[in-house]
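For the sequence shown, the working numbering begins at 13 and goes up steadily by one.
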Amino acid sequence: MSLPIANLPLMLTGTAGLLWLSRKPLRNPGSHGFYRFFAWETILALTVLNREPVGDQLISETLLQLSLLPLLFGFIALRRQGKRDTARREDSSLYGWEKTTALITGGIFGLIRHPMYSALLALDWGMFFRAANWPAFALALFGSACVLLTALADEKECIAYFGQAYVDYMRGTRRFIPWLF
């Protein structure tokens, strides 16, 4: 983990970008977007601090590459099957692609409820393993906790919107890792 002052502009620029992207969710503490900002910020910190990898990168590269799969499959499913309706979903803290009106239960969503958050977990730990050390471990744990809080808040929002159908869906799927968790 390198902490030179040269990393400060990169961290500040990244933080400014994340603050701008998260400006609406940050006004709504307790929403999934609120917690997601802190997960993103933690991953940014790990990325900046562990830019220079140390040692063998098999675990890191595997996790970083695997993070792309749930992200892509989840995003494509939301776009194709989510029946986006910005008029019906008035929550201003949601991004346009999050304003779905159809509960997606097939494809990757048939295996896990939160493929994009799974991607964040893989990215979080992938960046940790680039240069594993105790401070980075603490950051990765904090990032994982933020992703979990994001998912719990998202589930609460989905239950409020989709009702019993989402509760039933939760019973048949795992949160982040197929068949495990």
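Beta carbons: idealized from backbone N, C-alpha and C, even for Gly.
In this chain, the alpha helix (DSSP H) harbouring G138 covers 127-142. The criterion of a C-beta distance shorter than 8 angstroms is not satisfied by G155 and I71. Here L22 is exposed: its Cβ has fewer than 16 other Cβ atoms, across all protein chains shown, within 10 Å.
Inclusion of F174 and H126 in the CB contact set at 8 angstroms is not warranted, their separation being larger than that value.
S105 is the residue among S130, A131, S105, L90 whose C-alpha sits nearest the C-alpha of H44. Secondary structure note for P147: its alpha helix (DSSP H) is the uninterrupted segment 146-174. The Cβ-Cβ distance between A148 and F140 falls below 8 angstroms. CA-CA distance, A57 to A28, rounds to 13 angstroms. Annotation: the continuous alpha helix (DSSP H) that includes P82 extends over 80-93. Between the stretch 115-125 and the stretch 81-96 there are three or more C-beta pairs closer than 8 angstroms, enough to call the two in contact.
Around the beta-carbon of P41, fewer than 16 other beta-carbon atoms lie within 10 Å, marking it exposed.
The three-state secondary structure of T117, taken from DSSP, is coil. In this structure L38 touches F49 by the C-beta definition: roughly 6 angstroms separates them, less than 8 angstroms.
Shown here, R183 sits in a helix according to DSSP, grouped into three states.
Among the bridge pairs identified by DSSP, I124 is matched with R186. Within the model, the alpha-carbon separation for G94 versus I17 is close to 44 angstroms.
Cα atoms of Q77 and I171: separation of roughly 32 angstroms, rounded to the nearest angstrom.
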